[in-house]
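Everything in the sequence shown is counted per the working numbering, starting at 263 for the first residue and increasing by one. Glycine included, C-beta positions come from ideal geometry on N, C-alpha and C. No experiment lies behind these values; they were computed from the predicted model shown. Have a look at the structure below before the remarks.
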Amino acid sequence: MRNKLMAVTVGALLGLSGMAAAQPPAGKGPAKKEAAATAGKAELTWWGHAAFVLRTPGGATIAIDPWFSNPKAPQGAQWPEQVDAILVSHGHFDHVGETKALQQKTGAQVFGCYELVSLLGIPQDKAVGGNVGGTFKVKDATIHFVEAVHSSSYAADEKSPAQYAGAPMGFVIQIDNGPTLYHGGDTGLFGGMSQIAERFKPTYALLPIGGHFTLDPAGAAQAARMLGNPTVVPMHYGTFPLLAGTPDKLEADLKKAKSNAKVKVLEAGKATAL
């Protein structure tokens, strides 16, 4: 899968390398102190593709699948100055992204599948490998590892062979006295989404809609129903030509599926209060 997607990416982006742990250009990083999160509110910033930064009222900053160099990333945006946790859903380059460089800059803990985290070259005391069913606390956020239906392999660079990177995962993030977010990672539809709804009752579902490698809009609409009709934040679309699903198509498919879930389209780089 990685080789096929790499080929598509290179062609589409005129030579973008797509390395699994690309280093930022020299000097790239936080240039100024970031504004505090809206008082009493969690804030979510989309960085394009499946990359997000979540800030909680209790001061936790959580980066998810931080491919900050993706084609939809906000131009000129500075990386988060302080990060407590980096969540990596699986080993493909467009989700591992700049995990290693971000960890080195911030000292964050890296959470993901045991096999994947073991491959990333993260200091042992900062690598938190687990598996589906694992639960971890980061300040006022409780992070649950949940199932995803996809594949997972990791290569340190373009010349290295891909290695088995364990099971792909999604994440449920429960914020004390706040919303519950479900980040599906790269996933297709699966029956366990109903169990996620029953146990966690997500307020927001960050769902891929691009299709080809993940849910398309019709699949995401069915997923929304199974998840209890949370507000859907579409992701993993428009980055490459193959990822053809759109938020408008998602809206139409939600109506067809008789789901009353709302769609919240985020603007890349803009912090949105939840």
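- Judged by their CB atoms, F462 and T449 are not nearer to each other than the 8 Å cut-off.
- If the five residues before and after K303 are omitted, its C-beta is found closer than 7 Å to the C-beta atoms of P319, A535 and L536, all from its own chain and listed in chain order.
- Per DSSP, reduced to three states, the secondary structure at Q344 is coil, with no helix or strand assignment.
- Around the C-beta of Y416, 16 or more other C-beta atoms lie within 10 Å, and the residue is accordingly described as buried.
- Here T323 really is in contact with D346; their C-beta atoms are around 5 Å apart, less than 8 Å.
- Within the DSSP bridge table, the entry for G392 names C375 as partners.
- Straight-line spacing of the CA atoms in A313 and V434 works out to 15 Å.
- When the beta-carbon positions are compared, A325 and P336 stay at least 8 Å from each other.
- Closest by C-alpha distance to V358, out of G428, I384, L364 and P328, is P328.
- The beta carbon of Y426 lies closer than 7 Å to those of E377 and S415 in the same chain, with the five residues before and after it left out.
- The beta carbons of M497 and L477 sit no closer together than 8 Å.
- From the listed residues A467, V400, A429 and K532, the smallest Cα separation to H352 is found for A429.
- Within the same chain, Cβ atoms closer than 6 Å to the Cβ of L505 are found at G472 and Y499, the five residues on either side in sequence being excluded.
- N332 sits buried, since 16 or more C-beta atoms from the chains shown fall within 10 Å of its C-beta.
- For L381, the three-state secondary structure derived from DSSP is helix.
- Selection L382, E529, S413 and G432 evaluated against T397 yields G432 as nearest (Cα-Cα).
- Within the DSSP bridge table, the entry for V434 names H406 and Y444 as partners.
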